[in-house]
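One structure is given below, encoded as structure tokens.
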Amino acid sequence: MAPCPKHRQVLNCPHQNSVLELESPPVSADIVTSVEEELCRQVIVNIPRAVHEYPLSESRTSAIGLEIADGLKSSWLHHQEAHYFTLADPPGLVTVVEYLNVKVIGYKNSMEEFLRASLNIVPSDMKPMMDLLCASNRHPRVCVNDWLRLAVDDSIVRKLNPYFSQTAASKYQSATRVYLALCVLSLRLARLLNILKTSGSNESLFQELLCKRTWSWDDHPRWLVFEVEQSLQIRPEQYTIVKHLLESPTGTICQLNMGLGKTRVILPMLILHYAEQGLVPRVHVLASILQETLDMLHLRLTASTLAIKIVEQPFHRQIQLTPLQTEVLRQQIQDSCHVVTPEHRLSLEMKVKELACNQDPLANQLQMTIEELKFVDLFDEGDALFHFRYQLVYAIGSPTMLEQYELRAKTAHALLRVLNSSDPPLETWIKKNSRAESASSAAIFRAIRLGDASDITRQEFRLLILRGLIANPTPEFAWLRVWCEKHPKEIASFESILIDSSLSAASLRDMFGVSLHYNYLLALRGYLAFGLLEHSLEQRHQVDYGIDFRRKKRVAVPFRAANVPSDRSEFGHPNVSLLLTTLAFYYQGLTPQLIKEGLEVLLTLGRPAQTFIFDKVLAPLKSELSCEEFALIENVSSLDITNANQMELLCTKLCRSMEFINFWLIRCVFEADLAQHPACISVSSWDLAETGHGKGLLATNDTTFVLPLQVTSSNPFIPSILGTNGRMVDRLLNHTLICQFLPSESKELWKTLVESTINAKVDALIDTGSLLTGVSNSEIAAYIASNNGLEGKHLGIVYFDTSRRQWMVLTRQTQQTFQLNASPIKERNCFVLFDDARSRGADMRLRIDAVAAITLGPKLTKDKLMQGAGRMRQLGHNQKLVILAPNELEKVLTPFCAQTTLEWVINNTVSDLEHGLVTWSQQGLSFCKKLEATSSEVIDESWNLEDLFRDGVVKGSLAETVSSQLKKYGESKKDFLANIKSRCLDLGREIEVQMQYFKECEQELQQEEEQQHEIQAISSEKVMAKEQIWDYASALKATSVQELDISVKPLAYVAQVAAAEGLALVKWPPTVFGTINFFSTIKSPSLDNIRLADAVLVLPNGEWVLLSDKEADAILELLCENSETSVGYINFSALKSSPGYSSKGAMLSFNIDSVRDNEVVALALFNGETMFPGAMQQRIIKYMVAEQGCHQALFDLLAARGKQQNWDCSDLKQCCAFSL
């Protein structure tokens, strides 16, 4: 291998500055201007002949609806009044451009010769030496890269020729800039010729002809270098936008047409400008396009003569900062640009608050570091970055199990069972107001998604659900039906409380007390009256929520787009998380591993619970099983998870079984994964906008009045910019080829969509409707490639691979995949798939006559539709659209055309913004509150059912609500508060406000390892109680407990001995007692050390006395010696084990007919029994546990006896749940 060449050395010569002056260059800067003017003269600017009326009808008359309509009308007018262009001499244009191209190439060659020759000017006596040095590569020879660097830095001239004076160097630099401008012009003319010869789009032609330099390359040399390296020319409107941003105050953001180079031209221009001033720009981008933005900036700015360093600065809560790392953060890199997502930056800033909460001394150091970092914050896609839905939350404190999670879950599951039933009134409502798919099995939940409906219609839905539950209750709600039958006059008011959030639930507490039933009713009220069930049923699985199996927690999380779960976000309300988790597993099912986990847990339960639960799971499946299959899994006792045949059958049948999924969630998921934290600290888009120096760019302006007040939307007066929305409306109306609904087929929706797309003979699929769910992009690409209907011109499929974070090409011929940037097949020769996440921000160069299919979905808003349509950069010229919609939208899109589509998405946008204004105002008020000196950053959270759902919600207009809240605020940010109030008064008078619990938030939790501190339980030393000795013979003569020679206590005394007050509420029989020795086992009260009832002394008056082991041994010996006594003795364990409790072997000196059920049931309950056979015993146990305050104590007693596994599905639990 040859040795590496040495670096070229620069001569250090004593004759510096000897070349005082250079000749004038052969081409002046005016040549560039004259050629550009000549090109402009080839275009005739025409005034529009007529202004067409605004084509869309208005159906929303709210303040926000009128605001949106007025904005669209204004934009439409600007678009209609915009000038249009024609060619002055179409036939002769090619000749003119070719002539100018030849001239410019000549100018460029002359300038290049001049620049090379000028560098050879040296003192005559140094000429031989310079020639020799250059020949031996000891002195650098100039190349294009040198001229690019020299255009920015004149010190480069001295390295190329050390004899130049400052005047000569400056003149040479000016000539270099002219040469580079000629290079830009030459490339532009080449593009023009290519457009003319290939019949390119008229829009591109006019853009190139009218592109005139409106800025000075001497003021912005870096921009000139950027133009040369990227083979482009900055257009006048692009410079106007940048100039407007540079001259405007901080917080200014501008809207830009899609396709005008917002990310690829304007953003680099801003970065280069601030870097030239010695400032460090920090670019904020969406997480979904972070990698694409990094690649673009690396390619355009780092892999460049300008060598701008791109610094990615990821941060999340799990990073444990050290003082050294904090110091590293303080050190800024010159000529660099930082790139972050909102969660990266805000997570770092929230780390300060978390450290301060923990009183960590590092908090002050990190705060000082953040304050000293002087960035210029640039926001790309500002409308999405500052969206009102964005919120980042740090959970504070140790997590604790969600209070009454099982009760909440069983209530939710009961409501979903009602929804899955065929109750006729409810079924009629569902068919009319929602989208419901029939299930393939009675065990499976049918997919139901609620549509838009009025408040009255939704109230009817809640009532039908409630009545369905009462009519056909689950075991947990069997008591509810009985109560309604006993109180028919109170049903109307009872129903109103459960379905109307404006009413207080205080009367429920009066009726039921603080009991299990009261809590069930509060949970029911939360799901119905507070709209949690409706909200969950409105969400789309794998679009709005789903399971992210990359996480340890197996609960539903918010999705950012179809198939794109948010990295760290969770739903803010545990009941919503519980409901959506249930629905997610209903829809996608359980894996064999999860089914095995559930079966293992099932087999650890008591036999009654095993039998009851498995029979309930198996019941809806019986009709679907063959005789052989049913025999294989008929009894729970025969289940064997090591049996391959059994497991295969169970995995097939149970993967989507509602009952089994319910059981698995309650037993395996909710207890750990729904743990809640006692407090939190939060930030929102208002905190993101809080910056010392920030500028931004918008793609759409729908959300401008719900942006943080630190941000101001301001555009320069450019008719083409002001008419952006109007132009997109015009293009959608006039360049949509067809609108059609997808056929109703049994196959999966994504396959139906792909086949319809291929049949439409299009070149791209833009999934703005989020219809491609439940399948990866690579699978979709493979399915498209295998379809024989795909046109032959498509040599491959372009798609985004989320695992590689790269655009890929799947070739049709070889089925190989390549990265798009390295593939010989480019996107113009492929079918391009824009999935939901890439329907915004992605840029592909499609053929100028390409046709794309764009999808619609429920609640699609205008900005998302416009963004998707904007992927077709030449829409309105030669590119066209086909609109596809699922058949569930047939009710709202009638007739289905581009106009009704636009009117529908505008209505959706208005509804979205009306909800958004409420969130925006609350976030703004919270932001102002945090700035007050006396305000704490930490927000206490309570998820107690009473705190959430007991009180009624006072409904009122947003304007009234905000005005009333302002009284609580101080003087901090007084101008913000006034603006919030003013905006809500202007736009929020018709918006009704009530409490919203179904928020989602970026809730970054601490790592589980950090939260779960290992605790070693240290058992205190137990001191045994000393047993009293008494005259045991006196027991044989006693006729009542008063005659015994020992202190005797009633059975209720156990509550005192066990420190379990709830046991005192059990209605123990008054005839059952125990000696003080029986009750006293250790000196300190403990439920764990209570004796089992076994030896019983039965006195002649019918009183039963429980004995200790020592007492029993002594008295039993005396009874054996004296057969004439009137007292009896029972060995309860032997009696209980005999059928019907009637074995003579269990008794001594006692008549079997005297054994009474009251005492037997009481002692069985005392010993931890849960099953009570026979109607008589059932009646007795119901009477004994009628007081609901004793239920938890009874469960604790079972746990102390080691029998808690027998609680579920037992007679005891059913009697407790049924007690009213």
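The opening position of the sequence shown corresponds to residue 1 in the UniProt record's numbering, with each subsequent residue numbered one higher. Cβ coordinates follow ideal geometry from the N, Cα and C atoms, glycine included.
| Of all the alpha helix (DSSP H) runs that stay within the bounds of the stretch 395 to 423, which reach a length of 4 or more residues? | 405 to 420
| query | Among the residues of its own chain, which have a CB less than 6 Å from the CB of residue 980, if the five just before and after it don't count? | reply | Mapped onto the sequence shown, residue 980 falls at position 980. For residue 980, where only same-chain residues beyond five positions count, the Cβ hits under 6 Å are 921, 924.
| Residue burial classification, residue 908 (beta-carbon count within 10 angstroms, cutoff 16) | Locating residue 908 in the sequence shown gives position 908, where the first residue counts as 1. Classification for residue 908: buried.
| message | Starting from residue 881, trace the alpha helix (DSSP H) in both directions and tell me its first and last residue. | response | Residue mapping note: residue 881 aligns to position 881 of the sequence shown, counting from 1. No alpha helix (DSSP H) contains residue 881, which is instead part of the beta strand (DSSP E) from 880 to 885.
| task | Any chance you could list the alpha helix (DSSP H) runs of at least 4 consecutive residues sitting entirely within the stretch 684 to 710, in chain order? | result | 685 to 689
| field | Short Cβ contact (8 Å threshold) for residue 1215 with residue 1185 | value | Stepping through the sequence shown from its first residue, residue 1215 is reached at position 1215. Stepping through the sequence shown from its first residue, residue 1185 is reached at position 1185. In contact: residue 1215 and residue 1185 (Cβ atoms closer than 8 Å).
| Hey, would you say residue 1226 sits closer than 8 Å to residue 562, going by beta carbons? | Outside the shown range of the chain (1 to 1220) lies residue 1226, about which nothing can therefore be said.
| query | Start and end of the alpha helix (DSSP H) containing residue 146? | reply | Translated into positions along the sequence shown, residue 146 becomes position 146. 144 to 152 is the span of the alpha helix (DSSP H), which, as asked, contains residue 146.
| request: Answer yes if the stretch 520 to 532 comes into contact with the stretch 499 to 506, meaning at least three C-beta pairs across the two stretches below 8 Å, and no otherwise. | output: Yes, the stretch 499 to 506 touches the stretch 520 to 532.
| request: State the Cα-Cα distance for the pair residue 470 and residue 899, rounded to the nearest angstrom. | output: As a position in the sequence shown, residue 470 is number 470, starting the count at 1. As a position in the sequence shown, residue 899 is number 899, starting the count at 1. Distance between the alpha carbons of residue 470 and residue 899 is about 46 Å.
| query | Using a beta-carbon distance below 8 Å, is residue 665 in contact with chain C? | reply | As a matter of chain content, chain C is missing from the structure shown, which is built from one protein chain.
| Per DSSP, what kind of secondary structure is residue 1009 in: helix, strand or coil? | Residue mapping note: residue 1009 aligns to position 1009 of the sequence shown, counting from 1. Any answer about residue 1009 is weak, because its pLDDT of 32 lies below 50 and its placement is not dependable; what the coordinates show is given next. If DSSP states are grouped into helix, strand and coil, residue 1009 belongs with the helices.
| task | Would you kindly work out how many angstroms separate the C-alpha atoms of residue 1130 and residue 607, rounded to a whole number? | result | Sequence index remark: in the sequence shown, residue 1130 carries index 1130 (1-based). Sequence index remark: in the sequence shown, residue 607 carries index 607 (1-based). Answer to the nearest angstrom: the Cα atoms are 28 Å apart.
| said: With three or more C-beta pairs closer than 8 Å as the rule, is the stretch 1075 to 1089 touching the stretch 1114 to 1128? | reply: Between the stretch 1114 to 1128 and the stretch 1075 to 1089 there are fewer than three inter-stretch CB-CB distances shorter than 8 Å, so the stretches are not counted as touching.
| task | Flag this pair as yes or no: are the beta carbons of residue 764 and residue 831 separated by less than 8 Å? | result | In the sequence shown, the residue the question calls residue 764 occupies position 764. In the sequence shown, the residue the question calls residue 831 occupies position 831. It is a contact, given that the beta carbons lie within the stated cut-off.
| Is it true that the stretch 219 to 227 meets the stretch 679 to 692, where meeting means three or more beta-carbon pairs spaced less than 8 Å apart? | At 8 Å Cβ cutoff, the stretches do not touch.
| task | Using only the heavy atoms of the ligand ZN, determine whether one of them is closer than 7 Å to the beta carbon of residue 422. | result | This structure simply doesn't include the ligand ZN, nor any ligand for that matter.
| query | Alpha carbon to alpha carbon, how far is residue 58 from residue 70? | reply | Along the sequence shown, read from residue 1 onward, the residue named residue 58 stands at position 58. Along the sequence shown, read from residue 1 onward, the residue named residue 70 stands at position 70. Computed Cα separation, rounded: 10 Å.
| said: Nearest by alpha-carbon distance to residue 23: which of 115, 708, 1162 is it? | reply: Counting from one through the sequence shown, the residue named residue 23 turns up at place 23. If we check each option's Cα against that of residue 23, 115 comes out closest.
| message | What does the alpha-carbon distance come out to for the pair residue 87 and residue 96? | response | Here residue 87 refers to the residue found at position 87 of the sequence shown. Here residue 96 refers to the residue found at position 96 of the sequence shown. If you take the alpha carbons of residue 87 and residue 96, they lie about 12 Å apart.
| In whole angstroms, what separates the C-alpha of residue 270 from that of residue 888? | The count along the sequence shown starts at 1 and reaches residue 270 at position 270. The count along the sequence shown starts at 1 and reaches residue 888 at position 888. Here the alpha carbons of residue 888 and residue 270 stand approximately 45 Å from one another.
| said: Using the three-state DSSP reduction, which class does residue 386 fall into: helix, strand or coil? | reply: Your numbering for residue 386 matches position 386 in the sequence shown. Note: residue 386 maps to coil in three-state DSSP.
| Apart from the five residues on each side of it in sequence, which residues of its chain come closer than 6 Å, Cβ to Cβ, to residue 620? | Here residue 620 corresponds to residue number 620 of the sequence shown, with the count starting at 1. So the qualifying residues of the chain are 442, 443.
| So is residue 1009 buried or exposed if we call it buried at 16+ other beta carbons inside 10 Å? | On the sequence shown, residue 1009 is found 1009 positions in, with the first residue counted as 1. Residue placement at residue 1009 cannot be trusted, given a pLDDT of 32 that sits under 50; what the coordinates show is reported in the next sentence. With fewer than 16 other CB atoms across the displayed protein chains lying within 10 angstroms of its CB, residue 1009 is exposed.
| task | If I'm right that residue 892 touches residue 861 with Cβ under 8 Å, what's the distance once you round it to whole angstroms? | result | In the sequence shown, counting from the first residue as 1, residue 892 sits at position 892. In the sequence shown, counting from the first residue as 1, residue 861 sits at position 861. 14 Å between Cβ atoms; not a contact.
| Where the alpha helix (DSSP H) containing residue 1223 begins and where it ends | Any question about residue 1223 goes unanswered here, given that the chain covers just 1 to 1220.
| query | So residue 107 and residue 27 are in contact, right, with Cβ under 8 Å, and what is the actual spacing, rounded? | reply | Your numbering for residue 107 matches position 107 in the sequence shown. Your numbering for residue 27 matches position 27 in the sequence shown. Here residue 107 really is in contact with residue 27; their C-beta atoms are around 5 Å apart, less than 8 Å.
| What residues match up with residue 1024 in a beta bridge as DSSP calls it? | For the purposes of this step, residue 1024 is taken as the residue at position 1024 of the sequence shown. Bridge partners of residue 1024: 1082.
| said: Please state the DSSP three-state secondary structure of residue 1151. | reply: As a working note, residue 1151 is residue 1151 in the sequence shown. Caution is warranted here: a pLDDT of 43 is assigned to residue 1151, below 50, making its placement in the model unreliable, and the coordinate value is therefore given only provisionally. DSSP places residue 1151 in coil when its eight states are reduced to three.
| query | Excluding the five sequence neighbours on either side, which residues of its own chain have a C-beta within less than 8 Å of the C-beta of residue 816, listed in chain order? | reply | Mapped onto the sequence shown, residue 816 falls at position 816. Cβ neighbours of residue 816 beyond the five flanking positions: 810.
| Mind checking whether residue 753 and residue 798 have CB atoms under 8 Å apart? | To locate residue 753, count along the sequence shown from 1; it is residue 753. To locate residue 798, count along the sequence shown from 1; it is residue 798. Not a contact, by the Cβ cut-off of 8 Å.
| query | How many Å lie between residue 566 and residue 800 at the Cα? | reply | On the sequence shown, position 566 is the one that residue 566 refers to. On the sequence shown, position 800 is the one that residue 800 refers to. Cα to Cα, the separation comes out at about 17 Å.
| task | Could you check the C-alpha separation between residue 510 and residue 518 for me, to the nearest Å? | result | Taking the sequence shown and counting its residues from 1, the one referred to as residue 510 is at position 510. Taking the sequence shown and counting its residues from 1, the one referred to as residue 518 is at position 518. Taking the straight line from one Cα to the other gives about 9 Å.
| task | Just confirm the distance between the C-beta atoms of residue 319 and residue 337, as a whole number of angstroms; I'd bet it's less than 8 Å. | result | Residue mapping note: residue 319 aligns to position 319 of the sequence shown, counting from 1. Residue mapping note: residue 337 aligns to position 337 of the sequence shown, counting from 1. The Cβ separation is near 22 Å, so there is no contact.
| message | Looking only at its chain, what residues have a beta carbon closer than 6 Å to the beta carbon of residue 1004, apart from the 5 residues adjacent to it on each side? | response | Within the sequence shown, numbered from 1, the residue matching residue 1004 stands at position 1004. Caution is warranted here: a pLDDT of 45 is assigned to residue 1004, below 50, making its placement in the model unreliable, and the coordinate value is therefore given only provisionally. For residue 1004, same chain residues with a beta-carbon under 6 Å away, outside a window of 5 residues either side, are 317, 394, 568 in chain order.
| Mind pulling the alpha helix (DSSP H) runs of 4 or more residues that sit fully within the stretch 559 to 598? | 574 to 588
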